[in-house]
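Here's the structure we're looking at; comments come further down.
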Amino acid sequence: MRADTKHFLCDIKDGIATIRLDRPDRKNPLSFDSYAELRDWFRELHYDDEVKAVVFASNGGNFSSGGDVHDIIGPLTKMSMKELLAFTRMTGDLVKSMLNCGKPIITAVDGVCVGAGAIITMASDLRVATPEAKCAFLFTRVGLAGCDMGACAMLPRIIGQGRANELLYTGRAMSAEEGERWGFWNRLIAADQLEAEAIAWARKIAEGPNFGHMMTKTMLQQEWSMSLDQAIEAEAQAQAICMQTQDFTRAYDAFVAKAKPVFEGD
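Below, the structure written as structure tokens:
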């Protein structure tokens, strides 16, 4: 997996990729280039066995201020409809690539997390934040609809329809305490411990059955559009496939030997 990224920072160690946007002086806004590179990086991740989990971390006390006002929003006001649709499809493809990368993604948020930054966080599998984190889906505040990059489909599933309605209509910031209470944040962690805790969580996941994690993430996405009968059948098939892996046998052998299983992802 590529660690020599140009438009965001990437460090890969012990099966964990830690990535972060790298414009802390401007609260880490996204640019056209960083959108595209993140999209391509997560697409490639689907085919990579080296990385077993991802931590999307903050930088300089903030996660992301969303699309850059000068580098993105200004140029968008001068684009044709065809160009605008190409852009919005690209940003949506970033979310799709995150959902389909086959690896658990943990987002560790400090400070500002708004716009596209909030969407990236929403599209992650697990989300942790500091008590100071402020998360806002502020699209209506810049004259747009709240339905950006899958927000109207995904956010209600995480925090409930009524709460999602409030955030998407008003664009107001969700406090860290609200986010934890509503189930958006899995837990709140002090700023000086945030990244270490996220990496420790990722390491624990990376030590698990990675083929099983891939299958879990796949089913979590696919079952949104299934009936209950279809979901049960799909899970039966997925679990039967997992029962053919060596990790399943390793777990059984370790149980018999009263030892901790060492998973290898095959």
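Reminder that position 197 of the sequence shown reads as 1395 in this note's numbering, one-by-one numbering, no gaps.
We put the beta carbon where it would ideally sit given N, CA and C, even for glycine.
Nothing here was measured: the structure is a model prediction, and the numbers come from that model.
ask   = Hey, residue 1387 and residue 1326: beta-carbon distance below 8 Å or not?
value = yes
Check for me: the alpha helix (DSSP H) holding residue 1372 runs from which residue to which?
Careful: residue 1372 lies outside any alpha helix (DSSP H), inside the beta strand (DSSP E) at 1371-1373.
query = Whose CA, out of 1250, 1369, 1394 and 1234, lies closest to the CA of residue 1308?
reply = 1394
Note to self: Ignoring anything shorter than 3 residues, give me the beta strand (DSSP E) runs that lie fully in the segment 1232-1302, in order along the chain.
What the structure shows: 1251-1254
Requested in this report: Report the partner residues of residue 1327 according to the DSSP bridge assignment.
Outcome: 1307 and 1386
*Are residue 1303 and residue 1254 closer than 8 Å when you measure CB to CB?*
yes
Query raised in the report: Taking the alpha-carbon positions, what's the residue 1330 to residue 1256 distance?
Result: Between the alpha carbons of residue 1330 and residue 1256 lies a distance of about 13 Å.
Practice task
Round the Cβ separation of residue 1263 and residue 1225 to the nearest angstrom and send it over; I've been treating them as touching at under 8 Å.
Solution key: 4 Å
task: Note down, in chain order, each residue of its chain lying with its Cβ closer than 7 Å to the Cβ of residue 1234, except the 5 sequence neighbours on either side.
output: 1288
(message) Within 10 Å of its beta-carbon, does residue 1430 have 16 or more other beta-carbons around it, so buried, or fewer, so exposed?
(response) Label assigned to residue 1430: exposed.
Q: Using the Cα positions of residue 1353 and residue 1456, report the straight-line distance between them to the nearest angstrom.
A: 42 Å
Measuring CB atoms only, is the segment 1237-1244 touching the segment 1268-1284, in the sense that at least three cross pairs come out at less than 8 Å? no
Query raised in the report: Using a beta-carbon distance below 8 Å, is residue 1426 in contact with chain C?
Result: Among the chains in the structure shown there is no chain C, since it carries only a single protein chain.
Practice item. Kindly give me the distance between the Cβ atoms of residue 1250 and residue 1213, rounded to whole angstroms, as I take these residues to be in contact under 8 Å. Key: 4 Å
Can you tell me the Cα-Cα spacing of residue 1410 and residue 1449, whole angstroms? Taking the straight line from one Cα to the other gives about 12 Å.
_Below 8 Å on the Cβ atoms is my contact criterion, and I expect residue 1223 with residue 1205 to pass it. Report the Cβ-Cβ distance as a whole number of Å._
Not really, about 15 Å apart at Cβ, beyond 8 Å.
message = So if DSSP puts residue 1216 in a beta bridge, which residue, or which two residues, is it bridged to?
response = 1209 and 1253
Cα-Cα separation, residue 1385 to residue 1378:
6 Å
According to DSSP, which residues form a beta bridge with residue 1312?
1334
Legend entry - Rounded straight-line distance, which links the Cα of residue 1413 to that of residue 1451: 22 Å
_Range of the contiguous alpha helix (DSSP H) that encloses residue 1366_ = Segment 1359-1368, the alpha helix (DSSP H) holding residue 1366.
Do residue 1295 and residue 1355 have their C-beta atoms closer together than 8 Å?
-> no
**Prompt:** Short check: CB of residue 1366 to CB of residue 1344, under 8 Å?
**Reply:** Contact flag set, yes.
Self-check item: Top-ranked residue by Cα proximity to residue 1318, from 1360, 1300 and 1346
Solution: 1346
Residue 1227: buried (16+ other C-beta within 10 angstroms of its C-beta) or exposed? buried
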